[in-house]
Amino acid sequence: MECRAFKKSAIAAIVSSLLISSAYAGVDAESSEPIEKITVYGEKIERSLKDTTSSISVIDKEALDSGQYQSTSSALSEVPNVVVLTGAVPDIRGVSGNGSASGFNSFTGGARARVSTLVDGVAEPFVADLTGDTGLWDIQQIEVYRGPQSTINGRNSIGGTVFIKTEDPTFDWQGAARVGYRNQDNFIDSAVMLSGPILDDELAFRVSGQNVTGQTYNKGLEYETNPAPFDLNELNTNRWRGKFLWQPSAIEDLKVLYSFSYNDEKGDSGRNYFTGDDPWAFKPIFQRYIETKSTTHSVKADYDLGEGRALDLIVAYMDYDWGFESYEALATAQQYVDMNDQSYTVDGKYSFGLKDKDFNGFVGLAYFKRSQDFGSTGSSVYSGDDSTKSTSIYGEMTYGLADSLWVTVGGRVMREEQLRNFNMLYQGSQLQEKLDDANTVTLPKLVLQYALNDSTTLAASVRRGYNSGGGALSLVESEYYYYDEEYVNTYELSSRSTFMDGDVNLSANLFYNDFDGYQASNSARKITNIDKAVSYGVEAEFSAMLTENLQFISGVGLLDSEIKQADPSYGDIIGNQLNSAPHVTANAGLKYWLGDAFSFGFSGNYVGEYYADINNTESRVAGDYVVARLSLDYQTDSWRISGFVNNLFDEQALTVNEPASRSYPDGYAAIIDPRNLGVSVMYRF
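Spelled out as structure tokens, the structure:
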């Protein structure tokens, strides 16, 4: 590894700052607003960050508009107790975000990820590889919820939730245009936005678009025996979003928001694994051209009934296509995969006591239906279809027990049903398998909140998380098998404090997760249930304006995990850690303003060592790196010019480390992005 002296000093600086502040925070990516002024949207009701008990990090518009973060994954990679792996949903608190839905298992069993991603309340599908997350434009904020969110979001939220809130139409004219460049083989980022009234105070619109195009740093070989049918390094993303906000004058308390989005990403995306003998030669172990395309329509209606009561309804339809074409030395060895996923979402909610802190809550009904068709031709032939639906009743109620003491009782009762057919030509035989599963679960939540004084709020909570069972095909054992659902009981203590008129903010969550039936992959790469596993730790965040012009932000995530009981098929894993569960993740940063227009910032984040599997194989250890960043910003009322350097000292480290095997004689690895720098220019009015 390079820059080892810097690494040690950076870690020492981070740790010393944490000992002083007893806190954690994301650095450049996270909001610097006082927590009492930050509104979060991902818990079914708008509330101040200071009034939440969930462990939440908020990445604000100021950071997202700079162009420093090319994708959602890159922005999340700085959040403590979050590990971002290539082509994967983020791992949170040692819980694999992909879960059972990785790679081929996503097709054979139709499993869902453990961490849900919602854009304006509509869930994003996940298939095999995480793709389609390039481009961050016209987004109000990204909220990262650590720990199970099943009582709020239901499906596939046992690890947490990523909630993305996009900007809404305005009744005053606004517009923006941005052009950005980064030297990662000439990436160009172009974006536009226009918002304004159609009918004064009654009908408004907003339209935004973004194109990101360039060449990745992969250095794949083109075979003389089979000329490449596509650009091996191309990555091209187009995003368009349109919204109409209607506030009819005849019904003053009604708001109706129609949203349309179109996303198309194609090229060298998804998992990037390089040959293990020298990963920094950027030679991929496989080459694919992946296309991810989605169209989403949603209507959200909010009706104020008066006296602190309201009705909310969201109806959404998404058409999602995902597929790839592989590239091999022989055309006959290539694979062609296509998958279409269509989903419908209906979620209605009645809220009461919106102006009464001592008696308030909501109750809702939710319905989700998914139909999926998929097929593969070429070197691997399979096909199938899927029908999944979920029906829920959910809610929560808060009651004031005393002047400064409140209790919240909530939960969700959910019925899930899945019918999946899978057919495959395998070793000369035709496999025909069916997954027919249904389950009804109850997911309770209990919170006790105490206002110590005007500055500090304390809370204790317990909630239950759930992820459905499923099935998958084991190629090693040539059999289709089934596994059970998994549950977690999560216990948390939290504190939220703000001092000196919001100049100093401190948040912390102490957690303990007790897993029952934790889904994991054994030595034969079969998904089975671990009888009992636990994880525990802390997340805290701290920010302070040290002077009128200097801001300090520091953070830490501490995590420990242990497998308590497991089937003998796993081998001797009792006492082992969960995978992607580093003991320490931390960051720290400074931002300095030179006058009203110019600012610069320096920050770094650390990810400790972690195992890539639950067997805790030493040859699969990854992590243990520091990534430093530098940012420069010049802003006026109309212009913003931003410059940045990511991985300032060009740190080299592995995020995936797979040893040599029969299939991969040199092994393979995934790495943190090499140093890259860029600049963006934005005009707005």
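Mapping of the sequence shown onto mature numbering (1 follows the signal peptide of the UniProt record, and there is no 0): residues -25 to -1, 1 to 660, in sequence order. All residues carry an ideal CB built from backbone N, CA and C; glycine is no exception. Remember, predicted model here, so these are calculated numbers, not experimental data.
Asked                                                                                                                                                                                                           : Found
Under the assumption that residue 68 contacts residue 488 (Cβ atoms under 8 Å), give the Cβ distance between them as a whole number of angstroms.                                                               : 7 Å
With DSSP as the reference, label residue 454 as helix, strand or coil.                                                                                                                                         : strand
Can you confirm whether the segment 410 to 417 touches the segment 438 to 458 when touching is taken to mean that 3 or more C-beta pairs between the two stretches lie within less than 8 Å?                    : yes
Nearest by alpha-carbon distance to residue 14: which of 139, 158, 123, 629 is it?                                                                                                                              : 139
State yes or no: is the C-beta of residue 156 within less than 8 Å of the C-beta of residue 649?                                                                                                                : no
Give me, in chain order, the residues of the same chain whose beta-carbon lies closer than 6 Å to that of residue 607; leave out the 5 immediate sequence neighbours on both sides.                             : 575, 618
Using DSSP with H/G/I as helix, E/B as strand and the rest coil, what is residue 306?                                                                                                                           : helix
Out of 77, 128, 95, 85, state which residue places its alpha-carbon closest to the alpha-carbon of residue 103.                                                                                                 : 77
Sorted by chain position, which residues of the same chain lie with C-beta nearer than 7 Å to residue 602's C-beta, five sequence neighbours on each side aside?                                                : 579, 580, 622, 626, 647
Between the C-alpha atoms of residue 297 and residue 271, what's the straight-line distance to the nearest angstrom?                                                                                            : 15 Å
Pairing CB atoms from the segment 367 to 382 with CB atoms from the segment 307 to 318, are three or more of them under 8 Å?                                                                                    : no
Alpha carbon to alpha carbon, how far is residue 334 from residue 420? Give it in angstroms, no decimals.                                                                                                       : 17 Å
Can you name the start and end residues of the beta strand (DSSP E) that residue 358 belongs to?                                                                                                                : 356 to 377
According to DSSP, which residues form a beta bridge with residue 198?                                                                                                                                          : 201
For residue 117 and residue 307, what's the separation of their Cα atoms in angstroms?                                                                                                                          : 43 Å
Using 8 Å as the cut-off, can you tell me whether the segment 213 to 222 makes contact with the segment 251 to 266, which would need three or more C-beta pairs spanning the two stretches below that distance? : no
Taking the C-alpha atoms as reference points, what is the distance between residue 661 and residue 362?                                                                                                         : No answer is possible for residue 661: the residues shown for the chain start at -25 and end at 660.
Three-state secondary structure (DSSP) at residue 588?                                                                                                                                                          : coil
How would you label residue 400, buried or exposed, when you count the other beta carbons within 10 angstroms and need 16 or more for buried?                                                                   : exposed
On the three-state DSSP scale, how would you describe residue -4?                                                                                                                                               : The pLDDT assigned to residue -4 is 34, lower than 50, so where the model puts this residue is not dependable; a value taken from the coordinates is nonetheless given after this. It is coil, neither helix nor strand.
Count the other CB atoms, across all protein chains shown, that sit within 10 Å of the CB of residue 382; report buried if there are 16 or more and exposed otherwise.                                          : exposed
So is residue 289 buried or exposed if we call it buried at 16+ other beta carbons inside 10 Å?                                                                                                                 : buried
From the DSSP output, which residues share a beta bridge with residue 149?                                                                                                                                      : 170
Please report the residue range of the alpha helix (DSSP H) in which residue 127 lies.                                                                                                                          : 125 to 128
Taking the alpha-carbon positions, what's the residue 249 to residue 638 distance?                                                                                                                              : 14 Å
Inspect the CB distances between the segment 559 to 570 and the segment 541 to 551 and report whether three or more fall short of 8 Å.                                                                          : no
Please go through the same chain and pick out, in chain order, the residues whose beta-carbon is closer than 6 Å to the beta-carbon of residue 709, but skip the five residues on each side of it.              : This structure cannot settle anything about residue 709, because the visible part of the chain is limited to -25 through 660.
With a 10 Å radius around its C-beta and 16 neighbouring C-beta atoms as the bar for buried, classify residue 56 as buried or exposed.                                                                          : buried
Smallest Cα separation from residue 508: which of 352, 461, 285?                                                                                                                                                : 461
Quick one: grab the DSSP three-state call for residue 82.                                                                                                                                                       : helix
Can you tell me which of the three DSSP states residue 36 falls into?                                                                                                                                           : helix
Which residues bound the alpha helix (DSSP H) around residue 447?                                                                                                                                               : Not the alpha helix (DSSP H): residue 447 falls in the beta strand (DSSP E), residues 445 to 449.
What is the C-beta distance between residue 72 and residue 65, in whole angstroms, given that I count them as a contact (C-beta under 8 Å)?                                                                     : 5 Å
For residue 477, does the three-state DSSP call read helix, strand or coil?                                                                                                                                     : helix
For residue 189, which three-state DSSP category applies?                                                                                                                                                       : strand
Residue 432 to residue 471, Cα distance in whole Å?                                                                                                                                                             : 5 Å
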